[in-house]
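**Student:** Below are the structure tokens for one structure; questions will follow.
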Amino acid sequence: MKRPVDLSRLGLARRSRRLRPDAGSTMVTVLIIMMVLTIGGVALAAIAMNTATMVASSKHRTSAQMVVDGAIATQTIELMEGRLACDPVNQQTGSGRNGTAADSPAFTWTLDCTVSGETGTATLQARANVDGEEALHRAVFSYTAGAVTGTGGDITFFGESDVTFTAEVDAGTPENPVDVVIPKAGFVCQTEFWGSITAKKDIRTNGGCTIHGDVTSTEGTVKMSNSSDTITGDVVAGGSGESELNGSIGGSVHTAGPIAFSWSNRTIGGSVIADGDVKLRETRIQGSLTLPASKTLTKNSWEGGSYGSLNRPGSVAAPVLPELPDWFEYQHDPAEWGGYAVRTLSSSGSGPNTCGYFNSWPQTGWVEMANLTQNTILDARACSTLSTNAGTSPDVQLRHNLLILARQVDTTSSKWRAHSSAASQPSLWFVTEDPNPSDHAPTCGSGLGPLYLNHVGADTSIRTMAYSPCGIYVAGHSTFNGQLYGASWSYGGGLRFLADPIGLPGMESESGGGGGEETTGPSAFTLVSSQDMPIP
């Protein structure tokens with residue numbers, strides 16, 4: 001067995017120098033001189049011809065070896081980054097060229113995987129032929145399934161209408177990006193957004209959009225209508241329709257359908273895999289471009305677009321897509337809130353434990369929240385609504401956690417923050433229970449209403465969760481630090497949103513997860529061996 005090949009650029013360079021075509025010229029010259037002294041001129045002519053053939057053969061063999069080394073390095077990156085799927089049933093095959101020119105040396109590759117449970121072996125081979133001289137290289141990897149992660153979000157809306165972020169929505173920061181999950185609809189971006197988007201249907205950027213994160217449409221396409229739009233992460237589209245990528249993309253692209261790229265000289269920072277036709281136009285792909293051999297690659301006659309290498313396999317792997325979560329049905333269970341004091345409000349009367357004590361002038365109940373001595377449940381389900389909207393603009397200060405149960409909540413012109421004596425960051429929940437816990441869908445029952453965020457300020461000294469099967473409505477500029485989980489949303493006037501993990505009991509991922517289904521992420525591969533192989 002030969003010594004494993006170093007796949008690094010430095011290793012390839014050393015290999016190139018070690019196998020350069022003139023490496024054997026000194027020995028060849030010595031042989032020629034010795035033979036000239038012992039045999040005649042006729043024999044010398046034959047020897048010279050054989051020597052030239054040996055040198056040419058060595059050159060072509062070296063070139064073939066460099067081609068397969070480069071092919072292994074390229075496909076290893078695709079495998080490591082999850083763009084080349086490890087299928088234990090079907091062999092993956094493909095071909096490509098080490099360069100963009102039509103006469104660049106070609107190669108073929110195969111990937112065979114054997115998987116048992118979460119472990120297995122992946123064998124990657126590349127083969128090239130340069131003027132009759134062949135080279136074959138094999139790399140073997142150990143396989144481990146990726147980490148199990150939830151697919152819920154910091155902002156999760158289950159409405160059937162697309163969710164739109166305009167300039168009125170200011171979500172996330174570079175240090176604290178936001179995950180948005182839309183399990184039933186699509187997403188429209190018209191602003192700068194720090195975070196990632198996962199939606200069932202089409203994801204569209206309609207000008208003025210910069211998404212600092214990944215974009216995934218599980219059943220739709222991605223449509224970037226403006227060349228000025230930017231997505232800094234990866235783009236994944238699980239729908240069979242055509243994705244229109246007119247903007248710039250910092251990461252890689254993987255679609256289950258065709259792609260039409262930009263005419264405006266834009267760049268894709270990673271590699272591209274498309275299970276459909278590709279219109280390259282004026283786009284520059286920094287990595288490789290992969291599409292099935294049966295599909296059409298359209299390039300400009302003046303070669304405006306470009307790619308690092310081209311792979312044309314018989315088929316391509318499907319995109320790795322998350323399983324979008326069902327609606328999390330929350331029904332209050334006191335046993336899940338051990339150690340919490342309960343304060344139940346009555347719909348009649350005017351004393352401290354009545355709805356009017358909070359809803360009506362001077363709204364003393366809200367001010368007295370600062371006096372709570374332990375974690376508390378404020379049960380306002382007997383009230384038609386629980387409101388801060390009575391003209392006092394209450395400043396609600398918390399020393400401890402507070403769960404508010406209500407049929408409808410209106411937080412108009414209120415401020416929410418931690419009291420200066422709070423020992424740690426308090427948590428705050430606004431919760432309207434779902435009256436139908438068996439259908440895995442939001443149900444806004446009779447007498448229930450949405451959560452209103454209207455000129456409300458919930459700063460980073462507390463973390464807040466809003467849960468409503470009737471939706472979350474934003475009116476007037478508001479700030480919110482925590483998690484939004486609702487049937488739908490309506491906005492106007494502006495929202496500043498920062499993510500802070502909180503969740504509810506029973507959610508699969510309380511770190512901003514919102515009850516997402518668990519899925520297996522991209523596989524992890526560790527190189528076990530890499531070596532030249534004899535030609536079969």
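Be aware that the sequence shown starts at 1, since it is given in UniProt numbering, and climbs by one per residue.
Built from N, CA and C at the ideal position, the CB exists for glycine as well.
(1) Label P313 either buried or exposed according to how many other C-beta atoms from any shown protein chain fall within 10 Å of its C-beta, with 16 as the threshold for buried.
(2) CB-CB under 7 Å to V528, same chain, minus the five flanking residues each way: which ones, in chain order?
(3) Can you check DSSP and say which residues form a bridge with A126?
(4) Helix, strand or coil for G305, going by three-state DSSP, please let me know.
(5) For N359, report the span of its alpha helix (DSSP H) as first-last.
(6) Which residue marks the beginning of the alpha helix (DSSP H) containing T364, and which one marks its end?
(7) Tell me which same chain residues have a C-beta within less than 6 Å of the C-beta of Y307, skipping the five on either side of it?
(8) Select from E134, S227, P505, G208 the residue whose C-alpha is nearest the C-alpha of Y330.
(9) Does the Cβ-Cβ distance between K299 and L280 come in under 8 Å?
(10) How close, in whole Å, do the beta carbons of I404 and W429 come, if the pair is a contact with beta carbons under 8 Å?
(11) Measure the C-alpha to C-alpha separation of Q531 and A135 and round it to an integer number of angstroms.
(12) Kindly indicate which three-state DSSP category A185 falls into: helix, strand or coil?
(13) In the DSSP assignment, find the beta strand (DSSP E) that holds R463 and state where it starts and stops.
(14) Of the choices K184, G449, V253, whose alpha-carbon is the least far from that of I231?
(15) What does the alpha-carbon distance come out to for the pair A256 and L451?
(16) What is the DSSP secondary structure of I32, counted as helix, strand or coil?
(17) When the Cα atoms are used, what is the spatial distance from residue 539 to G356?
(18) So for D214, helix, strand or coil by DSSP?
(19) Would DSSP call G287 helix, strand or coil?
(20) Identify the continuous beta strand (DSSP E) that holds G96 and give its terminal residues.
(21) Could you please give me the residues that DSSP links to G457 through a beta bridge?
(22) Report back the beta-carbon spacing between G220 and D234 to the nearest angstrom; my notes put them in contact at under 8 Å.
(23) Just tell me which of V396, N353, L398, W361 has its CA closest to the CA of residue 537.
(24) Of the residues M533, T110, Q190, Q65, which one's Cα is nearest the Cα of N311?
(25) Tell me whether K295, by its Cβ, gets closer than 7 Å to a heavy atom of the ligand NAD.
(26) Quick one: what's E244 bridged to in DSSP?
(27) With contact counted as at least three CB pairs below 8 Å, one residue from each stretch, are the segment 206 to 226 and the segment 325 to 343 in contact?
(28) Quick one: using the 10 Å Cβ neighbour count with 16 as the cut-off for buried, is V342 buried or exposed?
(29) Hey, how far is the Cα of G492 from the Cα of G269?
(30) Starting from G195, trace the beta strand (DSSP E) both ways and give me its first and last residue.
(31) From the DSSP output, in three-state form, read off S529 for me.
(32) Quickly, what does DSSP pair A341 with across the bridge? List them, please.
(33) When DSSP labels each residue in this structure, what does R266 get in the three-state scheme?
(34) Candidates D333, A126, R97, A122: which alpha carbon is nearest E433's?
(35) Looking at P435 and G445, is the spacing between their C-beta atoms short of 8 Å?
(36) Residue range of the beta strand (DSSP E) that T166 falls in?
**Tutor:** So, from the listed chains and residues:
(1) Looking at its Cβ environment, which holds 16 or more other Cβ atoms inside 10 Å, P313 is buried.
(2) Taken in chain order, the residues that qualify are V140, F141, S142.
(3) Answer is W109, H137, bridged to A126.
(4) Of the three classes helix, strand and coil, the one that applies to G305 here is coil, per DSSP.
(5) From DSSP, the alpha helix (DSSP H) with N359 extends over 355 to 359.
(6) Where T364 is concerned, the enclosing alpha helix (DSSP H) stretches over 364 to 367.
(7) The residues are I285, L289.
(8) Ranking E134, S227, P505, G208 by Cα distance to Y330 puts P505 first.
(9) When the beta-carbon positions are compared, K299 and L280 come within less than 8 Å of each other.
(10) Going by Cβ atoms, the distance from I404 to W429 rounds to 6 Å, so yes, they are a contact pair.
(11) Q531 and A135 have their C-alpha atoms spaced approximately 11 Å apart.
(12) In the structure shown, the three-state DSSP call for A185 is coil.
(13) Counting along the chain, the beta strand (DSSP E) containing R463 begins and ends at 463 to 468.
(14) Of K184, G449, V253, the smallest CA-CA separation from I231 is found for V253.
(15) Approximately 38 Å between the Cα atoms of the pair.
(16) Residue placement at I32 is poorly supported in this model, since its pLDDT is 32, which falls under 50; the coordinates are not used for a value here.
(17) Outside the shown range of the chain (1 to 536) lies residue 539, about which nothing can therefore be said.
(18) Reduced to three states, the DSSP call for D214 is coil.
(19) Taken through DSSP and simplified to helix, strand or coil, G287 comes out as strand.
(20) 92 to 97 is the extent of the beta strand (DSSP E) around G96.
(21) Its beta-bridge partners are K415, T479.
(22) Actually they are not in contact, since the Cβ atoms of G220 and D234 sit about 16 Å apart, beyond 8 Å.
(23) Lying before the first or after the last residue shown, residue 537 is absent from the chain, which here runs from 1 to 536.
(24) The shortest CA-to-CA distance from N311 to any of M533, T110, Q190, Q65 is the one to T110.
(25) This structure does not include the ligand NAD; it has no bound ligands of any sort.
(26) Answer is K223, A260.
(27) No, they do not touch.
(28) With fewer than 16 other Cβ atoms inside 10 Å of its own Cβ, V342 counts as exposed.
(29) The straight-line gap from Cα to Cα measures roughly 35 Å.
(30) That run of the beta strand (DSSP E) goes 192 to 199.
(31) Here S529 sits in strand by DSSP.
(32) Paired residues: T376.
(33) In the structure shown, R266 sits in coil (DSSP, three-state: anything other than H, G, I, E or B).
(34) Among D333, A126, R97, A122, the Cα nearest to that of E433 belongs to D333.
(35) Taking 8 Å as the Cβ cut-off, G445 and P435 qualify as a contacting pair.
(36) Per DSSP, T166 belongs to no beta strand (DSSP E) and is neither H nor E.
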